[in-house]
Every structure is written in structure tokens, then in C-alpha cells.
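See structure below.
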Amino acid sequence: MTKTISLLGSTGSIGRQTLDVAQQLGLSVAALTARGGNLDLLEQQTRQFRPRLAAVYDPEAAQAFAQRVRDLPVKVVSGPEGLLEAAVIDGADTVVTAVVGMVGLRPTLAAIERGRRIALANKETLVCAGELVMDAADRYGAQIVPVDSEHSAIFQCMQGCRDRRQVRRLLLTCSGGPFFGRKFEELEHMTSKDALRHPNWKMGPKITVDCATLMNKGLEVIEAMRLYRLPLEQVDVLIHRQSIVHSLVEYRDGAVLAQLGTPDMRLPIRYAFTYPDRGENPAEPLDLLTSPPLTFAAPDRAAFPCFALAEAAAREGGTACAVLNGANEEAVGLFLKDRIGFNDISRLVEKARRAVPVVYHPALADILEADAAARRAVLA
Numbered sequence: 000m001t002k003t004i005s006l007l008g009s010t011g012s013i014g015r016q017t018l019d020v021a022q023q024l025g026l027s028v029a030a031l032t033a034r035g036g037n038l039d040l041l042e043q044q045t046r047q048f049r050p051r052l053a054a055v056y057d058p059e060a061a062q063a064f065a066q067r068v069r070d071l072p073v074k075v076v077s078g079p080e081g082l083l084e085a086a087v088i089d090g091a092d093t094v095v096t097a098v099v100g101m102v103g104l105r106p107t108l109a110a111i112e113r114g115r116r117i118a119l120a121n122k123e124t125l126v127c128a129g130e131l132v133m134d135a136a137d138r139y140g141a142q143i144v145p146v147d148s149e150h151s152a153i154f155q156c157m158q159g160c161r162d163r164r165q166v167r168r169l170l171l172t173c174s175g176g177p178f179f180g181r182k183f184e185e186l187e188h189m190t191s192k193d194a195l196r197h198p199n200w201k202m203g204p205k206i207t208v209d210c211a212t213l214m215n216k217g218l219e220v221i222e223a224m225r226l227y228r229l230p231l232e233q234v235d236v237l238i239h240r241q242s243i244v245h246s247l248v249e250y251r252d253g254a255v256l257a258q259l260g261t262p263d264m265r266l267p268i269r270y271a272f273t274y275p276d277r278g279e280n281p282a283e284p285l286d287l288l289t290s291p292p293l294t295f296a297a298p299d300r301a302a303f304p305c306f307a308l309a310e311a312a313a314r315e316g317g318t319a320c321a322v323l324n325g326a327n328e329e330a331v332g333l334f335l336k337d338r339i340g341f342n343d344i345s346r347l348v349e350k351a352r353r354a355v356p357v358v359y360h361p362a363l364a365d366i367l368e369a370d371a372a373a374r375r376a377v378l379a
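Here it is as C-alpha cells:
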């Protein structure tokens, strides 16, 4: 079981819930990191959990934060180097990667090289560099335990399966987001305010928009392929509006195992810390007698082309997924600033995929360049 964590991305939704769980379990916190947009919350967390290190990505914000906590025995660092320092800090047996975007890749690899357990909530790490990350985990004996609710569900359902050849399909569930049932043409004038109204989960703005476009589910398909080393043909998606069944595994003999629970990220976070054990959880358990009827549907690829674009990138491999992810991050950023429309997200991702050549069997440098090239293509 985890005893001490380093938390990368402490002020976001996953980060805040991670600290709730850490407090419940009595875990020590060696390091906290944040971008720098919410110094009030970071100061509160630092005073409560007393980490030895606090990394604030923005240098100016880091200077301001250092003044705020000058009465505490905490070292304040900044930039990507600070994030790396937090990822490899001595004494942390588990590194929680809850930062959003490609910024999480290098710190995750650095923590893997130290043999740490990775509580992985940063899907871009596996989407863009899944083969490199999984190979490194094998090489250094690092354990990767997924925190995303869907991948945690699959991880739990596969505990009794050591031979992946017994698996017929992984079935990732998806709420369908706020625009379920709409046609592509109806989504043309949807605003960021519309897209941020997720029906079941409270998350950060970027991932909430990704849920609205279904890109999030496309990225999770790629993540599942990398994490469980399965081809695209063995990873399917079901729209499940109630977010009660978090994902399923279908075995060769026809048995289907599912993990059910309330839509609360504290459960998969807790399991990432206690695995392979399960401790008492103070949260209210799922009551099947009062839960709504469980329904399932197929995703609409015509209405939500981001999902189809993700499948195409997964099928092509190489740096195609890094291009997809980088372009999507940039396009979603523009959408959240109200500079483009909702359907322009998929158009810009498709534009970048056409513009940026794919490198097969890439090194880390190729992946980083593909990401940068995709962002340039979106902004061109």
C-alpha cells in the first residue's frame, strides 16, 4: 500500500480529490505541483499537508508563492524542471500524475525510471508515448495503476486474468456528454458554456469539453490499447448515460465482468493507493435499488467526428496519436476562449492530421516534435 505520495497537479479536480483520499488514508505528501492559477488553494494545501517541495509551473507565480509560504519549511521550484524534481523526490513511493496535457509525459517517465508506482490520471502520457512508457515500466519495474474511472474499472475486472489472450474485448463506457442525441449540424453553434455542462461528473474544463466532443473517449481507447497491449479491434465503446457501469471486460468464453459504482473519482484514486488491497471506504456505496435503469447505446461517429479521428489515429499508430492529441489540446484551448466554434475542434484536428507527417517507431524526440507540429498546424 502507498505510504507517501508526490502529487503532480494538486489544484485540479483529480488533485483535490486525491488529497481528500490521502487524508482519509493517512498518507504523507512529499510534493505538490500546480500551474500557478490558484495560489490560494495551493497555499491551503501546502499548509495542511506540509510537503517538502512545492512546484509552481509559472515562474512568476512561483516567486509569489514562495513569499506566501516563507514561514514554512518547503522548497519552492518552478518550470518543467520543478515538475521533474517533484516527480522524483526521495521518499515518495507513489507519484500521482494528475496534470493535464503533454506536460505530464517527461515527469511520468522520470518517475518510472525510479521504479515508483504511477497512479496515472494523465491520459496524454499513454496516448502520445504509450509504447515508450510501457516499455520503460517493464524495464524499471514500475507499476502503473490507472486512475481514470474507466481504466481503473478494466484494471479491477482483469485482476483474475494473467493471460491477455483470454480477453475478447474491453468495453469502455461513456456518458455521451451534454450533447448526446444531437446531430453534427445541431452542434455548430454550441458554446463553451453549453459544452461545460457535463451531466454526471465535475471535472476541469479541458476534459469536460473532450467529453462533449467524445474525443475523451477516443483518447481513452488509445490509452486502453497501450495499457493492456491490445489492438483497436479489441477495444469498444458503449454510451452509458448513468455512469454507473464504469467499464466491462468480455472474455473468450462469453463471460462479461463489469465494475459498478457511484460517479465518484475518489474510488479509483483510493484503489490506486491501496492496490492490491481494499480498505474500508467512508463514502456512501452504490445502492442498486435506487439507481436508475442502466441503458447502453453505440457512439455516433457522424455527429462526433473527434471520436472517429481518434480511432483512425489509433489504427495508424506511430506519431499519429501525438498529432491528434496536440491538435486537440490547442483547438480546445481556442474553443474555451470563444475563438472558434464547437465543430471547429474536429475540423482543426483533421487539418493537423493531414498536415503533419507520421513517424513510425518514434523516439521521444519524434513524439515531442509531432506534438509541436500539430499545435503549429492548428494555429496556422
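Just so we're aligned: 260 in numbering that gives the first Met the number 0 is position 261 of the sequence shown, and the numbers increase by one with no gaps anywhere. For each residue, glycine too, the CB sits at the ideal point set by N, CA and C. These numbers were taken from a predicted model, which means no experiment stands behind them.
Residue i: buried (16+ other C-beta within 10 angstroms of its C-beta) or exposed?
{"i": "A97", "result": "buried"}
{"i": "R228", "result": "exposed"}
{"i": "V55", "result": "buried"}
{"i": "E283", "result": "exposed"}
{"i": "C160", "result": "exposed"}
{"i": "V255", "result": "exposed"}
{"i": "M0", "result": "exposed"}
{"i": "L288", "result": "exposed"}
{"i": "Q44", "result": "buried"}
{"i": "E184", "result": "exposed"}
{"i": "A373", "result": "buried"}
{"i": "P298", "result": "buried"}
May I have the straight-line CA-CA distance separating residue i from residue j, to the nearest angstrom?
{"i": "R346", "j": "T212", "result": "12 angstroms"}
{"i": "R113", "j": "F154", "result": "23 angstroms"}
{"i": "E123", "j": "Y270", "result": "21 angstroms"}
{"i": "K205", "j": "V331", "result": "7 angstroms"}
{"i": "A257", "j": "Q66", "result": "49 angstroms"}
{"i": "G103", "j": "Q62", "result": "22 angstroms"}
{"i": "C127", "j": "I366", "result": "7 angstroms"}
{"i": "V355", "j": "R163", "result": "34 angstroms"}
{"i": "A313", "j": "A120", "result": "20 angstroms"}
{"i": "N199", "j": "G81", "result": "34 angstroms"}
{"i": "F179", "j": "E310", "result": "19 angstroms"}
Taking the Cβ atom as the reference point for each residue, do residue i and residue j lie within a distance shorter than 8 angstroms?
{"i": "P50", "j": "A30", "result": "yes"}
{"i": "D70", "j": "T3", "result": "no"}
{"i": "P72", "j": "A86", "result": "no"}
{"i": "R240", "j": "T294", "result": "yes"}
{"i": "I268", "j": "V146", "result": "yes"}
{"i": "I111", "j": "Y139", "result": "yes"}
{"i": "S246", "j": "L171", "result": "yes"}
{"i": "Q158", "j": "Y250", "result": "no"}
{"i": "P262", "j": "G317", "result": "no"}
{"i": "I221", "j": "C156", "result": "no"}
{"i": "G203", "j": "V99", "result": "yes"}
{"i": "C173", "j": "I238", "result": "yes"}
{"i": "K216", "j": "A302", "result": "no"}
{"i": "N327", "j": "M214", "result": "yes"}
{"i": "L38", "j": "A21", "result": "no"}
Hey, residue i and residue j are a contact pair by Cβ (cut 8 angstroms); roughly how many whole angstroms apart?
{"i": "T380", "j": "L41", "result": "Residue 380 is absent from the model: the chain starts at 0 and stops at 379."}
{"i": "M101", "j": "D370", "result": "5 angstroms"}
{"i": "N324", "j": "L186", "result": "Not confirmed; about 21 angstroms, so no contact."}
{"i": "A141", "j": "R115", "result": "6 angstroms"}
{"i": "L234", "j": "L285", "result": "Per the sequence shown, the amino acid found at residue 234 is Val instead of Leu. Not quite, the Cβ-Cβ distance comes to about 25 angstroms (not below 8 angstroms), so this is no contact."}
{"i": "L24", "j": "T17", "result": "With a Cβ gap of about 11 angstroms, L24 and T17 do not count as contacting."}
{"i": "V75", "j": "F64", "result": "6 angstroms"}
{"i": "L226", "j": "L125", "result": "6 angstroms"}
{"i": "H197", "j": "G176", "result": "7 angstroms"}
For chain D, check one thing: does any of its Cβ atoms lie closer than 8 angstroms to the Cβ of residue i?
{"i": "N121", "result": "Here there is only one protein chain, and chain D is not present."}
Exercise for review: Indicate whether the contact test is met: 3 or more Cβ pairs, each with one atom in the region 187-194 and one in the region 269-285, closer than 8 angstroms.
Suggested key: no
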